[in-house]
Amino acid sequence: MKTPVLTAADGADWEARLVVALDRGDHEVSVVRRCVDVVDLLAVATTGQARAALVAAGLRRLDADAIDRLAAAEVAVIGVVRRGDEAAQERLAAIGVGFVVPEDADSAVIAGVIGDAIAARESGERAPRGFGDPTASISMAIPPTPGAFPVELPTQRGTVIAVWGPTGAPGRTTVAVLMADELSRLTRSSLLVDADVYGGVVASVLGLLDESPGFAAACRQAGSSRLDAASLAALAWQLSPSLRVLTGLPRAERWPELRPAAVESVLEAARGLADFTVVDCGFNLESDEELSFDTVAPRRNGATLAVLDSADVIIAVGAGDPIGMQRLVRGLAELRDAQVSAPIRVVLNKVRSSAVPGDAEAELAKALERFAGCRPAAMLPNDVEALDAALRVGKTLADVRPRSPLRVAAAELAADLAGVSQPARRRSRA
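In this note's numbering, the protein residues as written are 711 to 1140.
Written out as structure tokens, the structure reads:
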């Protein structure tokens, strides 16, 4: 039986010649459909009609997400380029196409490459997605703030920290901003990313304009071309020489722009830009099971799940009150059901004696251990006055209230995450 193959050439001259050559030759390969565009290609791929696809390098809307969807449909992808066009080869490699043939290649050669691509897919091999040379184009990086600072790359692969929490506003953004700021003061650099698909507010907290969401722009660039440290830095706001921010979506309905494959690519590139990347992600972990069988349909929570899968550490934030604890315990169970591999550090936020009888910290710790089987990594006090003061001027807590109890507790947690010694916090007793 001949191997069924799809083509998508966007009107390129080679398609007709190649179809005739493959059908006439004794190569055990047959073109079953000439697709008019990427949408048509993806739709046909999901039906199981083909095992491979020949795609033109210049095919419109061909990006990393499309390649991932073809892989999910068990279709091997082979790029077709003009002989000697190194730029096209690099673009295909950047989005995850591992097999490329020149458009004037003999049909026997193309059939052989198709067989190799199918064998590689069936063996589980995936072409490495290119993220560019971290040192390339550094002089071209222009952050969107006046007085840009030079790009200083980390000396080793950076760490990604996902800040997650259940529904009910436990303070995910507050903790994410605190961690990114404190880590930037303890290490050479940190990057704060707003990946909340339900309405991120990092830009508002820091007094930044969010009309041009940096994270969405980075996802678009990662999906269509090579993304390196310099190009990522150019999309980020620079708050200090060691702290950058990728702002989130200004409107929640734009969530389809944050494709999971692109999110993973951006976070991989971020490892080459900052020592620590702190990601504020959405609360919802539902995998949209009805949509999961449709490889074309976007999934709203896919970005959150991609962040959690890419993270080296997950900070699970819960409110330090009875309702917040109940939501946290249920949320931790959902987080474990999501089969994340990163270690989970539980942080109780908004801790206050008025909401919990007796010794609030001791009681909360006992409840967490009893119902969730873990101990809190940190307890952050409910310092509303300090947070309001920082919010009024769009600054971080360390700039506005450096001695506030919340800032001190956050600095201790950041030091623990960074592996840096920090003086112990003096615990006050009411």
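Glycine included, each C-beta is placed from N, C-alpha and C at the ideal position.
Check                                                                                                                        : Outcome
Backbone CA spacing between Ala1013 and Gly721 [nearest angstrom]                                                            : 33 Å
Backbone CA spacing between Asp891 and Ala760 [nearest angstrom]                                                             : 50 Å
Cβ shell of Ser934 (< 6 Å), same chain only, five flanking positions each side left out                                      : Asp773
Inter-residue spacing [alpha-carbon to alpha-carbon] between Arg727 and Ala821                                               : 14 Å
Leu1127 CB to nearest heavy atom of the ligand NAD below 6 Å                                                                 : Annotation note on the ligand NAD: not contained in the displayed structure, which lists no ligands.
Contiguous alpha helix (DSSP H) assignments of at least 4 residues, all confined to the region 859-934                       : 882-896, 912-915 and 924-934
Own chain, CB closer than 6 Å to Ala980, minus 5 neighbours either side, in chain order                                      : Leu901 and Thr987
Boundaries of the beta strand (DSSP E) in which Val1066 is found, first to last residue                                      : It is not in any beta strand (DSSP E) - Val1066 carries neither H nor E in the DSSP assignment.
Contacting residues, own chain, Cβ-Cβ under 7 Å from Trp724 (five flanking each side not counted)                            : Val790 and Glu813
Interface flag, Arg734 vs chain D, CB-CB below 7 Å                                                                           : As a matter of chain content, chain D is missing from the structure shown, which is built from one protein chain.
Burial state of Gln948, where buried means 16 or more other Cβ atoms lie within 10 Å                                         : buried
CB contact flag (Ala972, Cys929, <7 Å)                                                                                       : yes
Cβ separation of Ala926 and Arg895, assumed to be a contact under 8 Å, to the nearest whole Å                                : 28 Å between Cβ atoms; not a contact.
DSSP three-state assignment for Pro1091, whether helix, strand or coil                                                       : strand
Short Cβ contact (7 Å threshold) for Val746 with Thr713                                                                      : no
Pro714, DSSP secondary structure in three states                                                                             : strand
Beta-carbon contacts of Ala755 that lie in its chain and below 6 Å, excluding the five residues immediately before and after : Leu780, Ala783 and Val785
First through last residue of the alpha helix (DSSP H) which encompasses Ser817                                              : Ser817 to Glu832
Pair within 7 Å by beta-carbon distance, Leu1015 and Gly1028                                                                 : no
DSSP state of Ala798 mapped onto helix, strand, coil                                                                         : helix
Any 3 or more C-beta pairs closer than 8 Å across the region 1066-1086 and the region 1100-1114                              : no
Proximity of Asp1109 and Ala1065 at Cβ, strictly below 7 Å                                                                   : no
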